[in-house]
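Undergrad: In terms of this note's numbering, the sequence shown has 52 at position 57, counting the first letter as 1, and numbering is strictly consecutive. Every residue gets a Cβ at the ideal spot worked out from N, C-alpha and C, and that includes glycine. Below you will find the structure I want to go over with you.
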Amino acid sequence: MHRISRIEFTPEVVRVNDGLVENVYQWVSFKRYHETNNLMILYNIDDLPSVVFSKRGITDDGVLNQLRALISDHIREGIFAPPKTAFTVIQNGGLRG
């Protein structure tokens, strides 16, 4: 069972606190990042996931964009999730009637 963690991102460090243990990561300790539709993953210099968190708790798109900017300012390599579209994209022949 996992404890709920509080994650704080600052221009200096990433701080993860689960109430019992606090880990503080310098930005240089991260090699790359990867964003999925539901998660943000920060990989350490050994290319192992160090910080993984659900984006569900970030309900404000502006805050999520600020976080993306902070991450991309400090970690060179990475992929952000494609933006959500307002409509379904149909491929392979389109609509058929």
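Helix, strand or coil for residue 10? Go by DSSP, reduced to three states.
TA: Looking up residue 10 in the sequence shown gives position 15. It is a strand residue.
Undergrad: Can you tell which of 5, 25 and -3 has its C-alpha closest to the C-alpha of residue 43?
TA: For this step, residue 43 is matched to residue 48 along the sequence shown. Comparing Cα-Cα distances from residue 43 to each of 5, 25 and -3, the minimum goes to 25.
Undergrad: Going along the chain, which residues of its own chain have a beta-carbon closer than 8 Å to the beta-carbon of residue 72, five neighbours each way excluded?
TA: Your numbering for residue 72 matches position 77 in the sequence shown. Taken in chain order, the residues that qualify are 26, 27 and 28.
Undergrad: Under the assumption that residue 37 contacts residue 46 (Cβ atoms under 8 Å), give the Cβ distance between them as a whole number of angstroms.
TA: Start at 1 with the first residue of the sequence shown, and residue 37 comes out as number 42. Start at 1 with the first residue of the sequence shown, and residue 46 comes out as number 51. Indeed, because the Cβ distance is near 4 Å, the residues count as touching under 8 Å.
Undergrad: Can you tell me whether residue 11 is buried or exposed, with buried defined as 16 or more other CB within 10 angstroms of its CB?
TA: On the sequence shown, position 16 is the one that residue 11 refers to. Burial call: buried.
Undergrad: Please specify which runs of the beta strand (DSSP E), each continuous and at least 3 residues long, are wholly inside the region 57 to 81, giving them in chain order.
TA: Fully enclosed beta strand (DSSP E) runs of 3 or longer: 72 to 74.
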